[in-house]
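Trainee:
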Amino acid sequence: MSDHALVLRAVSKQFGAVRALAGASLTVRRGTLHAVLGENGAGKTTLMRIAFGMMAPDEGEVEIDGRPVTLSSSAAAIALGLGMVHQHFTLVPAMSAAENIALGGRGRLDLGAVAEQVRVLSARTGLAVDPDTRVDALGVGAQQRIEILKALHGNARTLILDEPTAVLTPTESEELFGWLRRFVAEGGTAVLVTHKLQEALSVADDVTVLRRGERVLTARAAEIDIVTLVRALTGEDRAPETRVRTPRSQTVGAVVAQLTDVSVRDARGVLRVHQANVTCHAGEIIGVAGVEGSGVHELLRVLAGRLTPTAGTVSLPDTVGFVPEDRLRDAVIEDFSLSENFALRGAAARRGRMPWPELRAHTARAMAAHDVRAPSPDVRAGTLSGGNQQKFVVGREMENRPALVIAENPVRGLDLRATEHVLRELAASAASGSAVVIFSTDVDELLPLADRMLVTFAGQVREVPVVRDAIARALVGAA
Amino acid sequence: ASPKDAGKSAAAAFSVALLTPGSISDQSWNGGAYDGLLRIRDSLGADISHIQTKTPAEFEENFRQYGAKGYSLVFGHGFEFQDAAARVGPSFPNTVYVTTGGTRTSANVSAMSFAFEQPSFLAGVVAASVSQSGIIGCIGGTELPPVKAGFASFAQGVHFVNPNAKVVTAYIGNWDDAGAGKEQALAQVARGVDVIYQNADAAGLGIFQAAKDSKRVYVIGSNSNQNGVAPNVTLGSVVIDLPAAFMSMAREVKSGQFTPRVHVLDTRSGVMKWIVNPALRSAIPTRALQVVDSLEQHMRAGTFTPPAATGTR
Amino acid sequence: MRARLHSRWLVMGATIAGIFAAVIVILLIGGYDTSRALAALWDGAFGSSYAVLSATLVRATPLLFVGLAVGLAFRAGVLNIGAEGQLLAGATAAVAVGLAVGALPRVLALPLALGAGAAAGAAWSGIAGWLKLRFGVLEVISTLMLNFIATYLVSWLVRGPLQEPTRVYPQTIELSPAVQMPLLLTGHRVHLGLVLAIGLAGFTWWVLTQTAIGFRVRAVGAGAAAARSAGGIDPARTTALVFLASGALAGLGGASEATGVTFALYEGISPGYGYSAIAVALLARLHPLMIIVSALLFGALEAGAAAMQRDANVPSVLAAVVEAMIVLGVLAFNHARTRGRQA
Amino acid sequence: MSIDAAEFMQASVRTATPLALAAYGELVVERAGVINLGLEGAMIAGAFGALVGASAGGIGAGFAMAVVAGCAATLLMAWVVLWLRADAVIAGTAVTLLALGLTGTLYRALYGAQGAALSVPTLAPVAVPGLHQLPWIGPAFFEQPLATYALYAMACGLWWWLPRTHAGLALRATGERPDAALAAGISPVTVRAWALLFGGAMGGLAGGVLVLAQVGTFAEGMSAGRGFIAIAIVVLGRWSPVGVALAALLFGSASQLQYVFQSLGWPVPYQLFLALPYVLTLLVLAGTQRRAAAPASLGAPLDTAP
Ligand SMILES: Nc1ncnc2c1ncn2[C@@H]1O[C@H](COP(=O)(O)OP(=O)(O)OP(=O)(O)O)[C@@H](O)[C@H]1O
Ligand SMILES: Nc1ncnc2c1ncn2[C@@H]1O[C@H](COP(=O)(O)OP(=O)(O)OP(=O)(O)O)[C@@H](O)[C@H]1O
Ligand SMILES: [Mg+2]
Ligand SMILES: [Mg+2]
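Protein chains in written order, with the working numbering: chain A, 1214 to 1692; chain B, 2 to 314; chain C, 17 to 359; chain D, 142 to 447.
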């Protein structure tokens, strides 16, 4: 058997006018963990989908376990011992975790048995999943765990994970990596696509960097440093920014938003938030942390004015900017042009004609101001990369200088430069006098940014010091 | 001329067109009219054309199209064509428009009025004589004037024989749904009905089947001679000799003797007929057959008119 | 890419050729004069000013109204398949009111009748809207049920309260000239309804693209969650509005047909315009101006199919086969055209 | 004149049988994410196939031909929708128009304008020993033509198959999220093609039942909109096998009620009775429908490569 579990050689792929891959290659040694890095749109996902048989390359070859293969579908890849965790969920929301994991099998379906296997797998990997819950009742973290278990369920020898940690909490990520290291140690092979450079350097054996559809670097992780990586990624010679914000302003601004004894019950009557009290001041950044189901999303939506609480009083400013977690569902309409998406803000109150020329010019100005890279304000929002979509959403919400900004996981899945850009925008907004509330699953993102930290647990909101340990304890309800 | 090259030289030759409101394969109202059209072609050497129409808008459009093409005679098969014929007539004075049903006439527009009530009355007499339960059913496609008139006269015939008999009437709501026709008939049979007078075109086929599936239930057909559809359960048919009616109209037009009027076509003219199914003649009491024969003679002679025949159509 | 583009056109070409061949084979097997049948198809639709002005355009007019109704609804994510019932409601109300106001001058009487038609169509689809917003009843099924109910309602009305005075025929009496649509050209049947419909198509397009209301409608249709979250738009309110507007358009179609073509209410006033409308709207990809074109196409197809019966003695059933084949051919063409552009 | 409950129920089941058969076909098609407006076409094709088959080779051949004809109608649909990626609603409308026209044309060609009369043999009801003597439901459910028992088998089969097999799971996943199915190695195109084929077979069977278990002959347009009602039944039954059974039964009994009311000879406009099944359906919907969940990708075309 070959030393190489997976080889992609000189692969090209074109989507209409877009050249996603231009002769990219990837060589994954058996029994290693191989990190693949690249900016948004570099072609990482496309390459992985080709390896997994979901797409045919225009040119190039795929070798699995040293044998050249032509994959007609992902079924063929699965049969050859591949498993893949997709960047964008490929789960059926209306089905249980067990059903999702069983998808693709043959013959009789014994959900009880599948559920049992899932429990075993779950215990072995440390990825907590309840096999019987419907996926649409679960948060993104749990969904990601199901995606991973789904890939593992097929007894894959080679696992491809496309940005699996983007939605995991640091603890979950650590558990996953712990398990992946063991998987690799036992002879498995893993390909990990990620935007987190530190992560790549610390867990991977090898690193490959793609840029504009080409491989620009492959190296042993131990032999390179972060500066080399950044240079390969961006083609620019510079160090990554570590702090996007100067230390907090000492003066506390006026109160711009206040929740008093706010409680929220969901459609089924379950209490999600219990008597929360939150005050936001002008000029501060409030970090929010909380695990799924802790009521954090409900709290943020009340703050954003998108959810009316069942009890308590809410006082909000007139303008609230909201950057929701599920961009494609709650923030942009993919089939609308950027101008139209821009016009969404305030659309409810608008009367008479739409001033399109003005809106278009305004959109163009906002795009320039917020570094949204798109040919024109007339292109469909759906054709933008995720990073650019996010910059667009942030820019739109900032455009009329809201007194309060709520952002949920604002940099998830964004590459280095887009992440920096978005965080800088949020910091600038606070500097100019807005109150900014940022929720992130990755607490490490919040630490250098937040003036105050709120942590939700079981519907209760608690303020904690901006200190990693304190937050970590509060997340699980410990004092 | 073959059927496939009609209309070519329509302006020159004698040309006849027919508009039907339903499919000509219904073995009933529309099929009979098409037979009439074919008879005109075969006997008079006419060029013919047929179109199936759905809406009043199409009635008028096609009347105009045939008028513009110089057709000599255009039949609109049903009273529902009369408004369109009245509207189009003046624009095409060289074309004769005839509606089978209705009362509107003008210089080049005539109507044929079929005396459904006459044979329907006779059918009622037979039905009442055969029925054991004294409950008799009528089933129609939709409630159209000729259908309604036929049913009313049929009931008169029933009560002529058995004043205590009960007549129930139901409509299917369309003319195609043979399945619904069958179910409607079975529902009546379950209420004790044992003779059904049907006037539902293609949907009526289901009514014959219902009788076949039930014990001692009989059907009376209408429009065409339907005695062959289900010979074992069909007592007879109320027949319009549409070919004869169409022929007489066509002769009148061809010979240049057309005069606009309402042509009343009845038993006397031989167009309306009650035809007993010979296969089931024995199921009908002899006494009833004699009554029917004598009533029929009186009708022919004009000495008896069923009471329901009064009124307009 | 080049190769895939070619194969796409190849598939289309093969499909259309196949369909064309099938049509010819069917006509030949039936023993019909193929060239004459096809010539009749064309002549009946476009062959003369009469064909265009008295057949094709007259048939396209109601299709345009209902096509717009369906197109508008679908744009907002409202699956209104009840244009048929709304059209019937509109025709009924227009005739009922038209009979009552027939003595007024036309400038008053006709708008009153048309307005009544629009209002009745809106009310009929409003039932489905109410059922959806109040009880969560999917409009796909409620509008279908309402179509059947409307059919029977008309059937009863023309034999009941609205029946002509002799009480023999299941229809109303004719509308007085004051409530009849003016003809656009003397001697031709095409009437003011066509102008109204084309105007409404333009107006719908203008509203959708240029006004705030139209923008909200499109936003709710394209992404209700984002419209609500990012735009503060109330999807339920927008949806209710769309139900009413769509019903009004379909109702106006019925009113136009009654006051422009039939001049009375009959039970068979629509041969299923409301169902054809779905195909009309979808073929136009719900674009109001394109709906003009697709309504014209379907109107021409109907007119041509009728001519095939009249002039080439092709039976109605076979004419329907040819019609269906052409629709499938247009679909294949549409596929190649739009896929080609996307690539 | 009285109404016998057992006989009423028996008639309701009889009326519901073709509707339910077609609805089960449509259930499978819709669970795969396609709306098959060609169902009406499959049904009329099946009815005609049944006539031709049964005239030539008896009832068995009739049913076989019904299924073949129904499949042929939806094969065309599958080709246009899945391969050409044409809009399913337009394609379905065209397929139905085509089938109505083609069956009419062939019918006239084979049997002449005079039609076939009541020439084909029909299935008689068969009583299931024992069960048919149950009070009320006995005759209703266990004294029916064989086709009805086939329907029961089909219903139970689907009820078991959808949640208990991987194929059923693949079907449901395709209707919900075709991209998820694709990622799991399932071809949504293949799944939808098979589903459509099944839907066509069931539509054809339903048409066959009309001819071979009810009317005994063919008439142009005799499907009379049942295909569309079957689609409504699937929605009413909320895309579940049990729901579809109940919805079909509701529709069957509402129709029967309509027939019975008319047969009682009440002096009420008959249109009121004819509208009854639809009004009842609306009322039931208002009472029960609260946010029924359609398959998430229902009606959405595929944009993944086959
Ligand atoms: N389905 C598609 N249709 C058209 N273009 C596509 C499609 N998928 C990807 N692309 C193009 O291919 C390029 C590479 O996309 P890909 O998703 O592989 O990038 P990526 O490296 O995974 O980015 P990210 O880090 O954001 O996940 C994109 O810039 C895009 O233009
Ligand atoms: N339907 C489409 N048509 C054209 N381009 C597309 C289409 N879908 C995706 N793309 C391309 O895909 C690229 C990115 O695709 P993708 O969905 O992977 O986003 P992303 O950049 O990876 O976002 P994120 O990092 O948030 O995951 C974009 O640059 C865009 O051009
Ligand atoms: Mg991405
Ligand atoms: Mg990616």
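Backbone N, C-alpha and C fix where the C-beta goes; we use that ideal spot for every residue, glycine too.
Every value quoted in this text rests on a predicted model; they were computed, and no experiment measured them.
At the 8 Å Cβ level, is N63(B) part of the contact set with chain C, yes or no?
Mentor: yes
Trainee: What's the C-alpha gap between P164(B) and I136(B)?
Mentor: 11 Å
Trainee: Using 10 angstroms around the beta-carbon of G1320(A), count the other beta-carbons present and answer buried if the total reaches 16, otherwise exposed.
Mentor: exposed
Trainee: How long is the line joining the alpha carbons of R1593(A) and W1569(A), rounded to whole angstroms?
Mentor: 16 Å
Trainee: Residues of chain D with CB under 9 Å from A1286(A), in chain order?
Mentor: Going by the sequence as given, residue 1286(A) is Ser instead of Ala. Identification of chain D residues near S1286(A) by a Cβ-Cβ cut-off of 9 Å yields L323, G326, I327 and S328, ordered along the chain.
Trainee: Buried or exposed: where does R1433(A) fall if 16 or more other Cβ atoms within 10 Å of its Cβ makes it buried?
Mentor: exposed
Trainee: Would you check if there are 3 or more beta carbon pairs closer than 8 Å linking the region 269-289 of chain C to the region 101-109 of chain C?
Mentor: These segments touch.
Trainee: When you measure from the CB of T1258(A) to every non-hydrogen atom of ligand 1, does any distance come out below 7 Å?
Mentor: Yes, Cβ of T1258(A) sits closer than 7 Å to a heavy atom of ligand 1.
Trainee: Can you list the residues of chain D that V27(C) reaches, using a CB-CB cut of under 9 Å?
Mentor: W224 and L225
Trainee: Which residue's Cα is closest to the Cα of R1566(A): I229(C), V27(C) and I189(C)?
Mentor: I229(C)
Trainee: Put V330(C) into one of helix, strand or coil per three-state DSSP.
Mentor: Reduced to three states, the DSSP call for V330(C) is coil.
Trainee: Excluding sequence positions up to five away, which residues of its chain have a Cβ less than 6 Å from the Cβ of L312(C)?
Mentor: A76
Trainee: Would you say the region 109-127 of chain C touches the region 233-248 of chain C, given that touching needs at least three Cβ pairs under 8 Å?
Mentor: no
Trainee: Considering only their Cβ atoms, is the gap separating A156(B) from G125(B) smaller than 8 Å?
Mentor: Contact: yes.
Trainee: DSSP puts K167(B) in a beta bridge; with which residues?
Mentor: Beta bridge pairing from DSSP links K167(B) with I136(B).
Trainee: Among residues of its own chain, excluding the 5 on either side of D267(B), which ones have a beta-carbon nearer than 7 Å to its beta-carbon?
Mentor: Apart from the 5 residues on each side of it in sequence, D267(B) sits with its Cβ closer than 7 Å to the Cβ of A116, Q119 and M273 in its chain, given in chain order.
Trainee: Could you work out which residue in V258(C), R234(C), A328(C) and F259(C) is closest to G247(C) when comparing CA atoms only?
Mentor: The option with the nearest alpha carbon to G247(C) is R234(C).
Trainee: Between which residues of its own chain and I189(C) is the CB-CB distance below 6 Å, once the five residues before and five after are set aside?
Mentor: E180
Trainee: Report the three-state DSSP secondary structure of R197(C) (helix, strand or coil).
Mentor: Before going further, note that residue 197(C) is Met rather than Arg in the sequence given. Reduced to three states, the DSSP call for M197(C) is coil.
Trainee: In the DSSP output, what is V1501(A) paired with across the bridge?
Mentor: F1652(A) and L1667(A)
Trainee: According to DSSP, M273(B) sits in a beta bridge with which residue or residues?
Mentor: Bridge partners of M273(B): I241(B).
Trainee: One question on the structure: do L405(D) and A195(D) come within less than 8 Å of each other, judged by their Cβ atoms?
Mentor: no
Trainee: Counting C-beta neighbours from all protein chains within 10 Å, is the total for E1252(A) 16 or more, i.e. buried, or is it exposed?
Mentor: buried
Trainee: Starting from N1554(A) and walking both ways along the alpha helix (DSSP H), at which residues does that stretch end?
Mentor: Note, N1554(A): alpha helix (DSSP H), L1551 to A1556.
Trainee: To which residues of the same chain is Y165(D) closer than 8 Å at the C-beta, ignoring the five residues directly before and after it?
Mentor: L292, M295, A296, L299, M343, P382 and V385
Trainee: Considering only the beta carbon of each residue, do L268(C) and G137(C) sit closer than 8 Å?
Mentor: yes
Trainee: Report buried or exposed for Q133(B), applying the criterion of at least 16 other Cβ atoms within 10 angstroms of its Cβ.
Mentor: exposed
Trainee: Could you please give the first and the last residue of the uninterrupted beta strand (DSSP E) stretch that includes R1280(A)?
Mentor: Element bounds for R1280(A): R1280 to V1282.
Trainee: Within the 8 Å Cβ cut-off, does E59(B) reach chain D?
Mentor: no
Trainee: Counting only beta-carbon separations shorter than 8 Å, does I52(B) have a partner in chain C?
Mentor: yes
Trainee: Smallest Cα separation from T217(B): which of V194(B), G237(B), D202(B) and S225(B)?
Mentor: A small fix is needed here, since residue 217(B) is Arg in this sequence, not Thr. Looking at the Cα atoms, V194(B) is the closest of the given residues.
Trainee: With a threshold of 7 Å, establish whether the CB of Q1300(A) neighbours any heavy atom of ligand 5.
Mentor: Looking for ligand 5 in the displayed structure turns up nothing; the ligands present are ligand 1, ligand 2, ligand 3 and ligand 4.
Trainee: Looking at C-alpha atoms only, which residue of L1688(A), S1415(A) and S1550(A) is the closest neighbour of V1509(A)?
Mentor: L1688(A)
Trainee: Within this structure, are the beta carbons of L1405(A) and L1246(A) separated by less than 8 Å?
Mentor: yes
Trainee: Is the CB of H1299(A) under 8 Å away from at least one CB in chain D?
Mentor: yes
Trainee: Taking C-alpha atoms, which residue in A258(D), P286(D) and V261(D) lies nearest to A268(D)?
Mentor: P286(D)
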